[in-house]
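Its first residue numbered 0, the sequence shown is counted upward by one per residue in numbering that gives the first Met the number 0. Accompanying notes for the structure given below.
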Amino acid sequence: MKPSITITSSVPSRLLNPASGYLKGYTHTLNPYGGCTFACSYCYVREMPVGKFRGEAWGSWVHIKLEAAERLERELRLAGRKGPLQIFMSSSTDPYQPVEYRTGLTRSLLEVMAASDNPAFLLVQTRSPLVTRDLDLLRSLGSRVRVSLTIETDLEPVRRAFTPSAPPLAARLKALKELVAAGIPAQAAVSPVLPSSPRLADVLASTGVTRLCVDDVFMGDGSQGKRTQRLGLHKLYEALQLEEWNRPDAYLRVIETLKTRFPEESIRISQEGFLP
Ligand code: SF4
């Protein structure tokens, strides 16, 4: 039985927020939603104020931002006066989580950005094949956009264990292939690294993607892994008898695997992989 989801909505005071820390290459972050029903077990947002302030389990609620397109149009105009904008969408939610099928909220934001000179660069970070619904808008953004599609492993049982509510790997790989075939700048984000097999390189190469980013919970959670360790992930690794993957050097195994099919310069590590 699927867990019940609480859906709320309100008009936000602002949509664009100044980027900092891990995302310092960007001027702003843009989160169409609050909360995320993909509910990944390793999601470090669970440990951040945005993940805790409602006092409800992360993954059990989603907040829809109303009048978002109109507000973004105005905010782009105002913020753009200071210079070109680089926007990361999204840092604390997935812009293509299931509720997007019916709201079209992320699509409405892409429409605004495609019709404007700003942002100069937009990174769309998602693990949902729904992103291919918006191929037309992504195409019109041209070289101003990059889609970063998360594929943490090639092993579906591992995906199910760590992210049971997230889209299956086969659907994500198909989506990545479609993005590449459509000429949309795209990368596979092996992020965070989960236990995988040596087939990972072949599986990713089969999509035609030429840019990869490898990150893990030790480098990429903004607290050298402390935030993520508080989530108790070690219990999951122990239950799966895969503890050797819950180490700060496990990502190097993945890089060695990827190097069998991809040139070294196409593989970016951690923060570098997400920069504009
Ligand atoms: S998709 Fe991203 S924001 Fe959503 S739960 Fe997973 S890691 Fe967190």
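Heads up, the beta-carbon is just placed ideally off N, CA and C, and yes, glycines get one too.
Between which two residues does the alpha helix (DSSP H) harbouring residue 112 extend? 104–113
C-alpha distance - residue 73 paired with residue 66, whole-angstrom precision: 11 angstroms
Quick one: what does DSSP say residue 36 is sitting in, helix, strand or coil? coil
Residue 128 versus residue 170 - alpha carbon distance: 6 angstroms
Complete beta strand (DSSP E) runs within the segment 111–162 (minimum length 3 residues, chain order): 120–125 and 144–149
Output the distance between the C-alpha atoms of residue 177 and residue 92, rounded to the nearest integer angstrom. 23 angstroms
Below 8 angstroms between beta carbons: does that hold for residue 181 and residue 138? yes
Between the alpha carbons of residue 3 and residue 233, how many angstroms are there, rounded? 27 angstroms
Pull the bridge partners of residue 6 from the DSSP assignment, please. 61
Pick out whichever of 61, 150 and 84 has its Cα sitting closest to the Cα of residue 71. 84
Going by DSSP, which residues form a beta bridge with residue 16? 28
When the distance is taken between beta carbons, is residue 147 closer than 8 angstroms to residue 124? yes
Residue from 156, 134, 140 and 130 with nearest C-alpha to residue 149: 130
Could you check what DSSP says for residue 87 in three-state terms: helix, strand or coil? strand
What residues in its chain sit with their C-beta under 8 angstroms from that of residue 239, if we drop five residues either side in the sequence? 157, 160 and 194
Please state if the CB of residue 275 and the CB of residue 58 are separated by a distance shorter than 8 angstroms. no
Considering Cα atoms alone, identify which of 204, 231, 210 and 202 is closest to residue 216. 231
With a Cβ-Cβ cutoff of 8 angstroms, do residue 226 and residue 46 count as a contact? yes
Give the single residue among 27, 235 and 42 whose Cα lies nearest to the Cα of residue 221. 42
Out of 208, 271 and 192, which has the shortest C-alpha to C-alpha gap to residue 185? 208
By Cβ distance, which residues of its chain are closer than 6 angstroms to residue 86, with the 5 residues on each side in sequence left out? 27, 29, 118 and 121
Can you find the residues in the same chain that come closer than 7 angstroms, C-beta to C-beta, to residue 50, ignoring five residues on each side of it along the sequence? 44 and 57
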